[in-house]
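Shown next, in structure tokens, is the structure this report addresses.
Numbering (UniProt numbering), first residue to last: 1 to 199.
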């Protein structure tokens, strides 16, 4: 996935580059609103959209920097433990974005975030080229986390609620053993590269 984008990056002379999963459907005006925002906010290098699944349930594509505890909570902790630490989960999933004035989907007010999901990213091409795109040593997981952090050193990474998508994927913990192994391997690489956080 990341390697495919990396192959085309050196050939691009566009202002913007869209990273989009095949299981993502964009609202008809989303791309227009996102580009309008980028054209008025030159310091922004990456936009992450508001998302639901195809049943209308809210998805939280933006994240705070992850910890080992959070990954254990999300993937392995029993429900009563997850309920006890619901505030920790909400902080990691940036659920506060939904309660801000910018949560309304009819405006172009952005909120800064640390990490964006690779299922849908609208980036400045020049910034992507400057960081040489995705780190191809990641496979399936965490390449988007790593890219968000590297782009965040060049400019603003933001959540834009007027950019709306529907997304069908996610949640590695509910997938098969191979996916869980890929997840754990990429998580190890991410923390080794960017720093470990226990809680």
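A virtual CB, placed ideally from N, CA and C, is assigned to each residue, including glycine.
How long is the line joining the alpha carbons of residue i and residue j, rounded to whole angstroms?
i, j, result
"residue 134", "residue 180", "21 Å"
"residue 99", "residue 56", "18 Å"
"residue 82", "residue 14", "44 Å"
"residue 195", "residue 23", "31 Å"
"residue 26", "residue 51", "9 Å"
"residue 168", "residue 150", "26 Å"
"residue 193", "residue 165", "30 Å"
"residue 140", "residue 148", "15 Å"
"residue 12", "residue 123", "13 Å"
"residue 75", "residue 92", "14 Å"
"residue 40", "residue 53", "30 Å"
"residue 202", "residue 184", "Nothing can be reported for residue 202, as the shown portion of the chain is limited to 1 through 199."
"residue 136", "residue 142", "11 Å"
Residues in the same chain with beta-carbon distance under 8 Å from residue i, minus the five sequence neighbours each way, listed in chain order, please.
i, result
"residue 9", "17, 125, 128, 129, 132 and 133"
"residue 138", "2, 146, 186, 189 and 190"
Quick check on the burial criterion: 16 or more other C-beta atoms within 10 angstroms. Buried or exposed for residue i?
i, result
"residue 32", "exposed"
"residue 4", "exposed"
"residue 59", "buried"
"residue 90", "exposed"
"residue 79", "exposed"
"residue 7", "exposed"
"residue 86", "exposed"
"residue 144", "buried"
For residue i, name the three-state secondary structure that DSSP assigns.
i, result
"residue 99", "helix"
"residue 44", "strand"
"residue 60", "coil"
"residue 38", "helix"
"residue 30", "helix"
"residue 20", "strand"
"residue 141", "coil"
"residue 132", "coil"
Here's a check: name, in chain order, each residue in its chain whose Cβ is nearer than 6 Å to the Cβ of residue i, leaving out the five neighbours to either side.
i, result
"residue 68", "198"
"residue 48", "61, 62, 116 and 159"
"residue 20", "120"
Considering only residues of the same chain and omitting the five flanking positions on each side of residue i, which have a CB-CB separation below 7 Å?
i, result
"residue 108", "33, 36, 37, 160 and 162"
"residue 94", "60, 62, 63, 64 and 113"
At 4 residues or longer, and completely inside the segment 63-128: list those alpha helix (DSSP H) runs for me, N to C. Taking only runs of at least 4 residues, the alpha helix (DSSP H) segments lying wholly in the segment 63-128 are 68-75, 79-84 and 86-92.
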